[in-house]
Amino acid sequence: MHILIVDDDQNILDNLSFPLEKAGHKCFTAKNGQEAQAVLKKEFVQLCFLDYSLPDTNGLDLMHEIRKTFSSMVCVFVTGSSDITLAVKAIKDGAYDFIEKPFELDRVNVVLNKAEREFFQQSKVHYLEDKINTEYYDSIVGNSPKIKEILKTLDKVASANTFTVLVEGDSGTGKELIAKYLHQQSKRKNNPFVEINCSAIPEQLLESELFGHEKGSFTGAVESKVGLFEVAHKGIVFLDEIGEMPAEMQSKLLRALESRVIRRVGGKENIPIDIALVAATNKNLEEQIKEKKFRDDLYYRLNVIQIKMPTLQERKEDIPALVDYFINKYNKLLGKKIKGIEVEALNLLFSYPFPGNIRELKNIIERAMLLESKEHLTADNFKYLSAKKSATDSGDNEFFSFSDLE
Numbered sequence: 006m007h008i009l010i011v012d013d014d015q016n017i018l019d020n021l022s023f024p025l026e027k028a029g030h031k032c033f034t035a036k037n038g039q040e041a042q043a044v045l046k047k048e049f050v051q052l053c054f055l056d057y058s059l060p061d062t063n064g065l066d067l068m069h070e071i072r073k074t075f076s077s078m079v080c081v082f083v084t085g086s087s088d089i090t091l092a093v094k095a096i097k098d099g100a101y102d103f104i105e106k107p108f109e110l111d112r113v114n115v116v117l118n119k120a121e122r123e124f125f126q127q128s129k130v131h132y133l134e135d136k137i138n139t140e141y142y143d144s145i146v147g148n149s150p151k152i153k154e155i156l157k158t159l160d161k162v163a164s165a166n167t168f169t170v171l172v173e174g175d176s177g178t179g180k181e182l183i184a185k186y187l188h189q190q191s192k193r194k195n196n197p198f199v200e201i202n203c204s205a206i207p208e209q210l211l212e213s214e215l216f217g218h219e220k221g222s223f224t225g226a227v228e229s230k231v232g233l234f235e236v237a238h239k240g241i242v243f244l245d246e247i248g249e250m251p252a253e254m255q256s257k258l259l260r261a262l263e264s265r266v267i268r269r270v271g272g273k274e275n276i277p278i279d280i281a282l283v284a285a286t287n288k289n290l291e292e293q294i295k296e297k298k299f300r301d302d303l304y305y306r307l308n309v310i311q312i313k314m315p316t317l318q319e320r321k322e323d324i325p326a327l328v329d330y331f332i333n334k335y336n337k338l339l340g341k342k343i344k345g346i347e348v349e350a351l352n353l354l355f356s357y358p359f360p361g362n363i364r365e366l367k368n369i370i371e372r373a374m375l376l377e378s379k380e381h382l383t384a385d386n387f388k389y390l391s392a393k394k395s396a397t398d399s400g401d402n403e404f405f406s407f408s409d410l411e
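Quick note, the sequence shown lines up with residues 6 to 411 if you use my numbering.
See below:
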C-alpha cells in the first residue's frame, strides 16, 4: 500500500515507517498538516496514519479536509493510551480504526490488513455511486481527483451549443472516451458521432474521407461521395491521432474550421457544416510545431479547451473501480461468473507501473478471466506481472506482505 504517516514526533515516524517499508509498502511522512497536504498533492496515498495533536491543526480536522478530496482514503489514528476517548471520537467522525503507542506489531498488522480491504471496498462504493449518477457510464471510470476535475470541465463544455476540445495523453489513457462522453452529455447527443483516425487513412484519401468528392474528380471516383464532416452535421467529429495529419491537410482542416464550410474534392459548391470537434493526440504538439510538423495556427484553433488525460500510474486509486468495471464487462462477454478480486491480487496490480495504461489493465483482466475458473481472481493470475516489471525496473521487485516481518 501507499501510506502517509502524520506525526510531529520523528521517532514515531521512524518506528512506524521502517517496518512498513520492510514489508514492501511505500511510506511518506509529514510532521504537520501543511506537510501532509503537500504530500497528497504529489503522491497517491491509500492509507493515512494520523496523530491527533499536530503543531498546526488537529488530526480530526485534517482527516475531514483530506477526505473532501480523497474520499476513498482510509484514516487510522495514532494515539497514546491516555487518549482513547479521542480515538473513539475519531472513529465516530469517520476514522476507520486506531493504534496505540507504543506500537505492537500484531495490532498494526491486523489494522493494516483490514484497512487494505476497506480501501478497496470504499473505491468500489464510490464507483457504484458514480455509475448510478452518470447517465452515460460506459465511458470514464474513476473517482480520483484528476478524473473528477476532468469530468467537471467536460460537463461545463457539454452545456455549450458547440465546442472545440483538444485531448492530450499517452496511448491507452482513454482519450476517445472523452469524445464519447461529450457527445452523450451534450445537446448534440441525438445527432451523429463520427470518429476518424487520421493515421489509419492514406494521405491521398484523407481529404476525400473528410470532405467527400464529386464523381470523376480523380481516378476511381466513379460516383459522388458524402464526406464524414457532412455526415456529422449537427453532431460531433472526433479526430483521433491529429498529430499524424499531413501538413497540406492541416491547412484545409483549419480553413474548414474557421469558415465552417467545406468543399468536396472536385466540387465548386461551399457546403455549410455545423459540428463540434474533439481532437486527440499522444504527441507533444508544441514540440511538433517547433519541428515544423504541425501548424501553430491549427494548434491554437484546436486548443480552445485542453484536456490532459493522466496515466494510470497517476490515478492508481481508480484501479479497484476499473478492475470491477472490467470484471463486469467480461463476465457478460465471456459468459463468466467471476465475483471479484482478492486483496493480494489488487496489491500486485498496484505495484505494477502499467506502461500501457488502462488499455493494458483491460487486457490483463481479460486474460485473467479467460484462464480463471474460480469465483475470484487471485494473486496467481497476476504474478507474471512482477517479471514484466523487473524487465524495466532494476530495483527490488519482490512483493511482500506485512506478515513477512513476523
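All C-beta atoms, glycine included, are put in the ideal place defined by N, C-alpha and C.
Rounded straight-line distance, which links the Cα of residue j to that of residue i
i           : j           : result
residue 289 : residue 159 : 22 Å
residue 318 : residue 275 : 47 Å
residue 221 : residue 271 : 8 Å
residue 219 : residue 297 : 32 Å
residue 145 : residue 293 : 28 Å
residue 263 : residue 232 : 18 Å
residue 273 : residue 189 : 35 Å
residue 77  : residue 202 : 37 Å
residue 55  : residue 11  : 5 Å
residue 167 : residue 279 : 8 Å
residue 118 : residue 155 : 32 Å
residue 18  : residue 308 : 46 Å
residue 53  : residue 79  : 6 Å
residue 111 : residue 25  : 13 Å
residue 147 : residue 248 : 27 Å
residue 320 : residue 214 : 37 Å
residue 341 : residue 120 : 29 Å
residue 134 : residue 337 : Only weak support is given to the placement of residue 134: the predicted model assigns it a pLDDT of 43, under 50, and the question is left unresolved by the model.
residue 380 : residue 104 : 34 Å
residue 58  : residue 27  : 27 Å
residue 243 : residue 96  : 48 Å
residue 415 : residue 238 : The shown model of the chain, from 6 to 411, leaves out residue 415, and the question about it has no answer.
residue 33  : residue 164 : 41 Å
residue 254 : residue 212 : 7 Å
residue 35  : residue 42  : 9 Å
residue 176 : residue 184 : 15 Å
Beta-carbon separation (whole angstroms), residue i vs residue j, contact threshold 8 Å
i           : j           : result
residue 335 : residue 374 : 5 Å
residue 37  : residue 14  : With a Cβ gap of about 12 Å, residue 37 and residue 14 do not count as contacting.
residue 382 : residue 324 : Not a contact, Cβ separation roughly 13 Å.
residue 39  : residue 7   : Contact flag wrong, Cβ pair sits at about 20 Å.
residue 310 : residue 169 : 7 Å
residue 21  : residue 82  : Not really, about 13 Å apart at Cβ, beyond 8 Å.
residue 72  : residue 99  : 7 Å
residue 287 : residue 174 : 7 Å
residue 193 : residue 241 : 6 Å
residue 199 : residue 312 : With a Cβ gap of about 19 Å, residue 199 and residue 312 do not count as contacting.
Outcome for residue i when other beta-carbon atoms lying within 10 angstroms are tallied against a minimum of 16
i           : result
residue 140 : Because the pLDDT of residue 140 is 38, which lies under 50, any placement of that residue in the model is unreliable, and the question is left without a value.
residue 23  : exposed
residue 16  : exposed
residue 138 : For residue 138, the predicted structure reports a pLDDT of 40, less than 50, and the residue's modelled location is therefore unreliable. A value from the coordinates is still provided. Residue 138 should be labelled exposed.
residue 209 : exposed
residue 378 : exposed
residue 75  : buried
residue 260 : exposed
residue 412 : No answer is possible for residue 412: the residues shown for the chain start at 6 and end at 411.
residue 236 : exposed
residue 265 : exposed
residue 355 : buried
residue 204 : exposed
residue 315 : buried
residue 67  : buried
residue 48  : exposed
residue 283 : buried
residue 225 : exposed
residue 132 : Unreliable placement is indicated for residue 132, whose pLDDT of 43 sits below 50; no coordinate value is reported for it.
residue 227 : exposed
residue 367 : buried
Bridge-paired residues (DSSP) for residue i
i           : result
residue 202 : 245
residue 359 : In the DSSP output, where bridge partners are listed per residue, residue 359 has none listed.
residue 102 : 81
residue 217 : 231
residue 170 : 283 and 310
residue 108 : Per DSSP, none; premise fails for residue 108.
residue 43  : Paired residues: none, contrary to the question.
residue 266 : 277
residue 34  : 10
residue 56  : 83
residue 69  : Per DSSP, none; premise fails for residue 69.
residue 382 : 346
residue 420 : Any property of residue 420 remains undetermined from this structure, which presents the chain solely from 6 to 411.
Beta carbon proximity, residue i to chain B, threshold 8 Å
i           : result
residue 384 : Included in the structure is just one protein chain, with no chain B present.
Open item on the list: Just to confirm the assignment: which complete alpha helix (DSSP H) runs, minimum length 4, are found wholly within the region 270-355?
Closed with: 290-295, 301-307 and 324-339
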